[in-house]
Structure formats: C-alpha cells, structure tokens
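In the working numbering, the protein residues as written are 348 to 1459.
The structure appears below as structure tokens.
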C-alpha cells in the first residue's frame, strides 16, 4: 500500500476510534444524570411526602446537565468538525518523537495531485516524508492516542447509579408506586394540616422551654468479633469514645427531667433513635465508623426537641498492620530450576493473623502462593516453608523477586497487610553457563599452548648445548612452576563450575581432573628438583649432577602438555558443535512454524498478524546469526577442527537477511503465496546448511577411539571372569563356614540358652535401678522446686523475647525508653531466678534424669536381643552403652557442690550398674572366646586343605587384579578421559583379596568371607565405571542420519552421574548368593517366614533391622 494511502487509512481509524469513545462517553453520562434525577425524585417523594408536589419542579434542575451532555458530546464536534488534521494533532500530542511529521504528511500529501507548476514542494521530498512517516507509525495502535479516562469514569458512574437503583428497589418495596404515585398524596392527607408533631421536623423551643441536662452517662463497648476482646462498660463516663472501627457503642443516659424519647446525633448529620427506659433514662446504640463527635437530642414532654450543647468526641483507634520477618536458610543469587528455597518467618499482629502468602514476580507478572492459613487467630506465629522451584515452571535465565505478605483478621475496614523484605534470585542458565565454560576452556588451551611453546624452545636450547648442566634448568623450572599453577587454578575453576552444570559430560570432568592432578604432580617434582639443584650448587665443591633427571622431567611435562592440548581441543570442539546443532534445530523449528503460519493464512484458516510474523522472522535472523558467530570461532591453526570451512560458504548472511525482508514486505502487502515461495527457497538453503553441519558432526573424531574402546571391552570381559571366580570362591568358603556354624550351634545350644537367660536377668536388674532413680528424682522436693523455677524461667525468657521485639518495633513510636526499662527489669528477674536455681544444687541431677530415658531404651533393646539370642547385635550395642554409663558416673562424681542426699543415692545406684555391666562384659568375653576356640577346633584336616586351596586361588585372583590395575594406569596415561579411579578401585580390590588370603590361611573363615565380599564389591564398582565410560563414548559417536537432523545439544543429554531411568537401564543389579549371607539357612527361613506375618510391636524394629542384614 502506498505511504499516502496508508497514512490516510491510519488517520481515519484514529478518527473513528475518537468518535466511538466520545459517543459512548456521552451516552453513559446522559444515562447517569437521568438515573440520578429519577432516584432523587423517588427517594425525596418517599421520605418527604409533604414536598411531593415540589419534586417535579425541583427535578427540572437535572435538565441542565442533560442538555449540557448532549451538546458537549454529540452536537459541538458535529458543528465545529473534527477532521484528519485534528486526528494527526491528537496522535502527535501522545508521541512527541514524531516532531510534526504526521500533520505535515497529511497536509502535504494533497500536493502530490496538483500540477508541478502549481506545487510549492518537490514531489521527491513529499514522497520521502510520507515514507519516513509511514515507518514511524507502522507499529502504532490507532486506539492508543485516545484518552479513555472519561469513558471509564462515565461507565463507572452509570454502573454505580444503576446498581444503586436496583438495590433501593429491592430494599424498599413499592418505593416508586408510593413515592411517585398516589401513595404520597394519601400519606400527606393522613398527616393533617399541621406538621409540628412529625418526627422529621425540628421545632425551635418557644416560650418556657424545658431545661434538659445529662446527669449520668454510661458507655458499653462491644468490640468487633475479630479482636476477641470482651465487652467493656464504663459507668460515670465523660462521654468520650475511643474505639476501633466497627465497635458497637451503647449509650445509657440519665437526664434530669422526664422525656418522650431522644436521638443520638452523629456529626450533626446522622440521627439515631434512643428508647426510653423509665422516666429519666434513655438508651441508644451506634456503630463507630468514623471520627468526630455525637450529641443528645431530647424529645420533650411538651412536644419540642431539645439538642443538648455538649459534644462528646469520637476518636478512632488504629488497627495496626501486621509485621512479618523473612529468614532464608540457604540464600543464593542463583538457583537451579529444580532447587528448593527453604525459608523461615515470624509474624505478629495486635489482634490476630489470618493468612500468609508468598508473592513473587516473574517476567513482570505477579503470582501468589498460599503459605499458611490461620484459623485460630493467633497474634504471633513462627514457621517455615519450602518453596519447590521445580513446580513453578521457571525457565533458564528468569529473574525472580519474592517476599512474604501477611494479612490480619480485620473484617471491618481490612484486612490490613504487611510484607517482608524483598529478595531476588536468578534461575541458572545452563546454555549461558556452557558458553562461559567453553570460553574458559579456550583460555585454558591458550595457556597450555604458551607453556608448551616455552618448554619446546628453551628445553631444546638447553639440551643442544655441549656443556649444559643442571643449573641451566633453574630458570626454566622456576618459570614453569609459576605458569603451571595458573593453568591448574584455571582448570580447577572450570571443573568447579562444570560440576554445577547437569549436562556437562562426566568424561569431560575426568579429563579436567587428570589435567589438574598431572600438572600438579609434575610441578611438585620440579619444585623438588629445583631445591636439589640449589643444594648441590651451593656446596663448596659441587657434585656433578647428571643431565638425565631434569631432562626426563622436562620430557614428561612436554608429553603431558601435548596430550592435554589434543584432548582439550577435541572436547571444546565437540561442545561447540553440540551448541551449533542445537541452534540449527531451533532454526529448523522456527522456519517450519513460520511456513505453517503462512499456509494457514493462505488457506484462510487464520487471520494475518503482521507483528507476530515479523517477530518470528527476527527470531530466525538472530538464531542464524548465533550459528554463524559460533562457526566463526574456529581457529584454523589448531588441530581437529570441528567444521570444514566450505560448510557455510554457500550461505550468504546478507542475502539471507534481504530475503527475510522481502518476505516481511510481501506479508504486509498481502502477497502470502509469493512470501511462501520465497520462504521455501530459504528453507532449501537452511537444509543445505543442516546437511553440511550433519556431515561435519559425523566426521568429528571421537574422544574415545576404537582401540581404546576395544581395551575397555576386553577389560569388562576380564572383570566379568574375575567377578565370577571371586563369587565361586566366596560360595565355597561360605559352605565351609556354614557347616562349621551348624556344628557349633549343636554343641553350644544349651550353653547359649543358659547364657542369654543370665544376660536377660542382669539387664533387667539394671533397668529396675534406673527406673527407681527416675522415680526418686521426680518425687524429691528439691527437684520439684527446680521444675517450678524452670517453668518460670521459660515464661521470663518468652517475655524477654517479646519485649526485645517490641523494643525494636517501638523505635518509631516513641515508647523506646519505657520498653527498654521493661526489658532490663525482665533480664534482672531472669538473673535472680538463675541464682535461686543454682542454690538448689540439683542442676546436674536434672541432666542425669534427662539421660535416663535414653539409657532405658538401650537396655530395653539389649533385653530384646537377649530374648532373640542375637549375640553379635547384643555385643555391638553393649559396647556402645557401657561407656555412656561410665561417662555419666564420672560427670556426677566430678561435679562440685552437690545436694548430699541425692548424690549418695545416685552414686550408689551407678556403682551397682557398673558392677552389673562388668559381669555382663565378663560373660560376653568368655562366651566369645569359647566360641572362637571351639570354631578352630571344629576344623578337620580336609577343611584346612580346602581353605589352603582357596587361599591359593585367592592369591591368583589378586595377581589378576594387580595386572588389571597396571593396565588401567597405562590407559589413563594414554587417554586422560580414563578416570584414575579405575586403577584406584582395582588397587583396593587387590588389598581386600590379600586380606582374604591371609585370613583363610590363619584360618579365620568368617572374616575371610567379609574381606572377599569387599573385594567383590570393588570389582562390581569398577565394572560399573567401565560401563559408564563405554556408554558415554558410544553416545558421543552416535549421530542421527538424514537431510534434516533433529538433534539436541549437550543440554538434552542424560547425565549418567545422577542416576534415574537412564542409569537404571544400564546398571546391572547383583544379588548376593546364599553363601554371602551372615546367618545359617535355618535362621534365614524363619525370619523370612516371620516377615510374611504380623510382627509383635516390641520386636518390629529389631526384626526389620535383622532382615536388612540378610542382604548385606
């Protein structure tokens, strides 16, 4: 559309919007005045029937505003005119940046139709002005310059008056018939010709007036229900009222003369009747809603009304807004999308709290989350709340501001609200963090390259000298030490930040850790070598040092740096490519969405939205620019570049941007079919780019090469064989151990029965002693007095806490000094109370009393273990309980200034408990030694031969584990992506195997099985690590085929470190075999059967723990 026609069309729409708003405003105003006139006439006729005949004349006053509204909104502009020039001025008044361009364009466009000789302005200048003005107002809303404020006010007046008319009609039935009909006339006739006795009239006193006075005034205050305050009566009051809004005040007045009744006059405008109670007493009530004053108006016996001159003040009390303080347990500037924000709060109000909400702002919108609803109307509350960010739908990079808002229970003019301090945080942006990490990795690579270049140049120069010695390496080593620590710090910084990124691949973290550990070790060796060189060169007759140690150390550093550079470049390029592919996917989705939008518009299935289409094209342009920027970051001087330079030469960014502009222009002109064809051409170009990117992605080198993958597969097979052999060995050893336990159980069945009966009796005696001590301390007078004082202490401490908060809050109210005095007095009371408690000399016995329940629980569990005949569990728990009794006994014995009668009793009881514990300890030791000696005597020569054979097999497995440990160390040296934990775990497994071998030769079969199970656990963990490494290498190499790949970047990869479904699909679950259990099969069968039935309550916890031991 031409600029001239476009501007004229725009101004026409502005003019149409202006007329619509103005006519609607006039209509609402006219209807409002008309409803007001009807309401006025109806209410006055109904309430004041005497004036009914004058109402119609008085209502004619409303004709003046009605006529004014018609002229102002409907006639004036029609007469004066409001054209396109006025519309242009209206727009420019709201948009000063136009600088009169719109009015000039509207006035000059007509010169385009005149002859060139009659034209005062050049045609190109007018055309340029029109085109520039069109661009300035293209995105403007025609309705935006229109002032809609008068329309809103007129509409609100109309709705309010209409609602009032409906409400009055409902509350006062027949108001229109009786007010405006004949009912008013009949009411006038019924009143007679005189009007002196009408209750609505006020007759001035004439002649001998009555002298009324108030002799006594009693006020009764009924406070609002939400305050929970009781009614209050104030006899012989001075009449002054000071109350909360919503308080009902009952006024009982005793006057000096009889009367017919009276009125309460509020602020000289509201009249409320008072009933007569006896000859000289009047009673009335009113609701306090506003400040001011009230008076009494007496209806005299002579028919006159007397307004007493005394004015009694009404003062409104303020219901203060509630306060709330927010405390954060883990405040952070940045949170993950699935994090939790733990917060605690403390809120107070003078009459009661009703609700606490969490209010937060996200992208300019406000949201509320209910935190707590208080139904008991507490005046103070403390609590906590855990904000689950994962349920909020936050996105990466969102900025969140939040605070707590509290409402009180004021249902009169409230509720009043208060809010806490506002806090803010950002949602962790993984994409932005990944870009920062890639930039840091590039910086790390540059530093390592600089360090390598220095060592290659200077090291070669030193080695090429014919007379070079160790002292020639000093400068190079000193420089290496300083530069290496910078490299290590940067690598550690990257690793620390990468641990917080969920999508950062674990093998990359392993690479960074290997870079850190390797360079740190070489740096320490260089420091030691430098110290050795200083020591040797400092001697009077320096000993010649060979060139080999410094040169070898230098060679190790060079090799390490070369390897680190190679793998860091591969890792960084892989990450860059992942980001490019992610952006490419977004670009494909945006283009497809725009194509579908054009097809819907072409098929007339959806209206055209130019602003939305331009926004989508801008997103496409920005995404493509990000891709080009990412591709341009490659450095051709580095090896293993992730992209062929020809991959994106075919796509000219300027031509692509021009094509998008053409599509936008076509869409504005309504040429949807042409825009769709142009978009298809762009789609083909993007498809070509996607194919190039896909080919480049497929051609990238894998961080874990094929040879290394073969070694990993071979190591997994070796571990499987080693694991099976270890399981077989454990199985055979378990059979031997099981047969020995069964034989021992038969020999010691009666002895064990008698042994546990004795233990149960001893534990029962200890339980009785502690129960007697508890009852003795609870009944002692000094202890009772201490408890009373402790209750008082709790009350005073709570009072100090309240006064402390009140003192802080009173900093602005002027009561600070008084609150400080009350606070100090309470602190002095607390100090005096503590002195009184110390004078009782029983504080330490109270502490001993608080420990008794814990000891009783321990001995109750020991008794259960004795009943279950569980020797090992009894022994383990007793070894933890015995020292606790010693500790308590020592603490009480060393306490000075104890109360004598309590001290003597408690000391004697603890000595008895110690003696009984000693007997239990002796019996346990004797039984354990007897069982151990008997266990050895049960071994037959054949058993010993089998155990010796198993020990030799265990030694063979240990040697295999040692070989695998060495193999993993070599793999780590060749590829830093291999974690050193592989060799570490194999080393631990080898140590456990060595321990198992030693214990089988003793022989100690039970401990030998335990050591073998630990070795098996290390083998299983090592195999799991190898599986994770293999899977990560395969995932890095897997690529989707096709012309338009839909791949997500690193941000959508599953993190094998964090478990979940991805890890469950690949993790092998190994159940223990029968020989790996710690108890004989008979006991296991009994317990497994018992688990299927109901367990007695007192044995439920122990049975559950025992059942868990079966699968260890």
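The beta-carbon is built from N, C-alpha and C at its ideal position, and this holds for glycine as well.
Quick caveat: nothing in here was measured; it's all calculated off a predicted structure.
Original post:
How do the region 598-606 and the region 640-656 stand: do at least 3 beta-carbon pairs fall below 8 Å, yes or no?
Top reply: Judged by Cβ distances under 8 Å, the region 598-606 makes contact with the region 640-656, as three or more pairs qualify.
Original post:
Between the region 738-751 and the region 642-657, do three or more beta carbon pairs fall short of 8 Å?
Top reply: The region 738-751 is not in contact with the region 642-657.
Original post:
Just the Cα atoms here: how many angstroms apart are residue 593 and residue 762?
Top reply: Reading the chain shown from its first residue, position 246 is the one you call residue 593. Reading the chain shown from its first residue, position 415 is the one you call residue 762. Residue 593 and residue 762 have their C-alpha atoms some 13 Å from each other.
Original post:
Three or more beta-carbon pairs under 8 Å between the region 691-708 and the region 652-672, yes or no?
Top reply: yes
Original post:
Using the C-alpha atoms, what's the distance from residue 1378 back to residue 770?
Top reply: On the chain shown, residue 770 is found 423 positions in, with the first residue counted as 1. On the chain shown, residue 1378 is found 1031 positions in, with the first residue counted as 1. Residue 770 and residue 1378: Cα-Cα distance of roughly 43 Å.
Original post:
Which same chain residues, not among the five before or five after residue 1368, have their C-beta less than 7 Å away from its C-beta?
Top reply: Reading the chain shown from its first residue, position 1021 is the one you call residue 1368. The residues are 1332.
Subject >> CB of residue 578 within 9 Å of CB of residue 564, strictly >> reply: Residue 578 sits at position 231 when you count from the first residue of the chain shown. Residue 564 sits at position 217 when you count from the first residue of the chain shown. No; because the gap between Cβ atoms is not below 9 Å, this pair is not in contact.
Subject >> residue 643 - partner residues in DSSP beta bridges >> reply: Counting from 1 along the chain shown, the entry for residue 643 is found at position 296. Paired residue(s): 611.
**OP:** May I ask you to verify whether the region 751-765 touches the region 790-799, counting CB pairs closer than 8 Å and requiring at least 3?
**Re:** The answer is no - the region 790-799 does not touch the region 751-765, with fewer than three Cβ pairs under 8 Å.
Subject >> Cβ pair residue 1189, residue 1130 closer than 9 Å >> reply: Here residue 1189 is taken as the residue at index 842 of the chain shown, counted from 1. Here residue 1130 is taken as the residue at index 783 of the chain shown, counted from 1. When the beta-carbon positions are compared, residue 1189 and residue 1130 come within less than 9 Å of each other.
**OP:** Just the C-alpha distance for residue 623 and residue 631, rounded to the nearest angstrom, thanks.
**Re:** Position 276 of the chain shown, counted from the start, is the residue given in the question as residue 623. Position 284 of the chain shown, counted from the start, is the residue given in the question as residue 631. Their backbone Cα atoms lie some 9 Å apart in a straight line.
**OP:** Have a look at 502, 450, 424, 425 and flag the residue whose alpha-carbon is nearest the alpha-carbon of residue 436.
**Re:** Against the chain shown, residue 436 aligns to sequence position 89. The residue with the shortest Cα to Cα distance from residue 436 is 450.
**OP:** Quick one: grab the DSSP three-state call for residue 587.
**Re:** Taking the chain shown and counting its residues from 1, the one referred to as residue 587 is at position 240. Looking at residue 587 - three-state DSSP - the assignment turns out to be coil, as it is neither helix nor strand.
Subject >> Residues of its chain near residue 1455, where Cβ-Cβ distance is below 8 Å and the 5 sequence neighbours each way are ignored >> reply: As a first step, residue 1455 is located in the chain shown; it is residue number 1108 there, counting from the start. A caution first: residue 1455 carries a pLDDT of 49, below 50, which makes its placement in the model unreliable, though a value can still be read off. Cβ neighbours of residue 1455 beyond the five flanking positions: none.
**OP:** May I ask which residues mark the beginning and end of the beta strand (DSSP E) holding residue 672?
**Re:** Against the chain shown, residue 672 aligns to sequence position 325. Unbroken beta strand (DSSP E) run through residue 672: 670-675.
Original post:
Just the Cα atoms here: how many angstroms apart are residue 774 and residue 438?
Top reply: Numbered from 1 along the chain shown, position 427 holds the residue referred to as residue 774. Numbered from 1 along the chain shown, position 91 holds the residue referred to as residue 438. Answer to the nearest angstrom: the Cα atoms are 41 Å apart.
Original post:
Hey, how far is the Cα of residue 830 from the Cα of residue 1060?
Top reply: Residue mapping note: residue 830 aligns to position 483 of the chain shown, counting from 1. Residue mapping note: residue 1060 aligns to position 713 of the chain shown, counting from 1. Going by C-alpha positions, residue 830 is about 39 Å away from residue 1060.
Original post:
Tell me which same chain residues have a C-beta within less than 6 Å of the C-beta of residue 1364, skipping the five on either side of it?
Top reply: On the chain shown, residue 1364 is found 1017 positions in, with the first residue counted as 1. Taken in chain order, the list of residues that qualify is empty.
Original post:
Rounded to the nearest angstrom, how far is the Cβ of residue 691 from that of residue 731, given a contact under 8 Å?
Top reply: For the purposes of this step, residue 691 is taken as the residue at position 344 of the chain shown. For the purposes of this step, residue 731 is taken as the residue at position 384 of the chain shown. Confirmed, about 5 Å.
**OP:** Compute the beta-carbon to beta-carbon distance between residue 416 and residue 376, rounded to the nearest angstrom, for a pair I have assumed lies under 8 Å.
**Re:** Along the chain shown, one-based indexing puts residue 416 at 69. Along the chain shown, one-based indexing puts residue 376 at 29. Right, their Cβ atoms sit about 5 Å apart.
Original post:
Between which two residues does the beta strand (DSSP E) containing residue 1460 stretch?
Top reply: Given that the chain is displayed from residue 348 to residue 1459, the structure contains no residue 1460 and the question cannot be resolved.
Subject >> Which residues DSSP lists as bridging residue 377, in chain order >> reply: Position 30 of the chain shown, counting from 1, holds the residue named residue 377. Residue 377 pairs with nothing; no bridge assigned.
Subject >> Selected residue, minimal CA-CA separation from residue 749, among 780, 776, 708 >> reply: For the purposes of this step, residue 749 is taken as the residue at position 402 of the chain shown. Residue 749 has its Cα closest to that of 708, out of 780, 776, 708.
Subject >> Run of the beta strand (DSSP E) containing residue 289, from where it starts to where it stops >> reply: It is not possible to answer for residue 289, since the shown part of the chain is limited to 348 through 1459.
Original post:
Closest by CA to residue 500, which one among 373, 490, 424?
Top reply: Here the question's residue 500 lines up with position 153 in the chain shown. Selected option, being the one with the closest Cα: 373.
**OP:** State buried or exposed for residue 1082, treating a residue as buried only when at least 16 other CB atoms are found within 10 Å of its CB.
**Re:** As a working note, residue 1082 is residue 735 in the chain shown. Exposed: under 16 other Cβ atoms inside 10 Å.
Subject >> Meets three-Cβ-pair contact criterion under 8 Å: the region 1261-1268 and the region 1061-1070 >> reply: no
**OP:** Have a look at residue 481 and residue 448 and give me their C-alpha separation to the nearest angstrom.
**Re:** By one-based count along the chain shown, residue 481 stands at place 134. By one-based count along the chain shown, residue 448 stands at place 101. Between residue 481 and residue 448, the C-alpha separation is close to 10 Å.
Subject >> Extent of the continuous beta strand (DSSP E) to which residue 730 belongs >> reply: Taking the chain shown and counting its residues from 1, one reaches residue 730 at position 383. Segment 727-735, the beta strand (DSSP E) holding residue 730.
Original post:
Relative to the C-alpha of residue 738, which residue among 721, 1324, 684, 722 is closest?
Top reply: On the chain shown, residue 738 is found 391 positions in, with the first residue counted as 1. Relative to residue 738, the option among 721, 1324, 684, 722 whose CA is nearest is 684.
Subject >> C-beta contact flag for residue 866 and residue 834 at 9 Å >> reply: Numbered from its first residue, the chain shown carries residue 866 at position 519. Numbered from its first residue, the chain shown carries residue 834 at position 487. Yes; because the gap between Cβ atoms is below 9 Å, this pair is in contact.
**OP:** Taking residue 342 as the reference, give the member of 661, 1072, 1118, 1226 with the closest Cα.
**Re:** The requested residue 342 is not part of the displayed model; the chain covers only 348 to 1459.
Subject >> Alpha-carbon spacing of residue 1321 relative to residue 1058, whole angstroms >> reply: Taking the chain shown and counting its residues from 1, the one referred to as residue 1321 is at position 974. Taking the chain shown and counting its residues from 1, the one referred to as residue 1058 is at position 711. The alpha-carbon atoms of residue 1321 and residue 1058 are separated by roughly 12 Å.
Original post:
From 693, 710, 713, pick the residue whose C-alpha is nearest to that of residue 719; which is it?
Top reply: By one-based count along the chain shown, residue 719 stands at place 372. Ranking the options by Cα distance to residue 719, first place goes to 693.
**OP:** Please go through the same chain and pick out, in chain order, the residues whose beta-carbon is closer than 7 Å to the beta-carbon of residue 358, but skip the five residues on each side of it.
**Re:** By one-based count along the chain shown, residue 358 stands at place 11. Hits under 7 Å: 431, 434, 435, 453.
Original post:
Straight-line CA distance for residue 878 to residue 898?
Top reply: Indexing the chain shown from 1 puts residue 878 at position 531. Indexing the chain shown from 1 puts residue 898 at position 551. So the two alpha carbons sit approximately 16 Å from each other.
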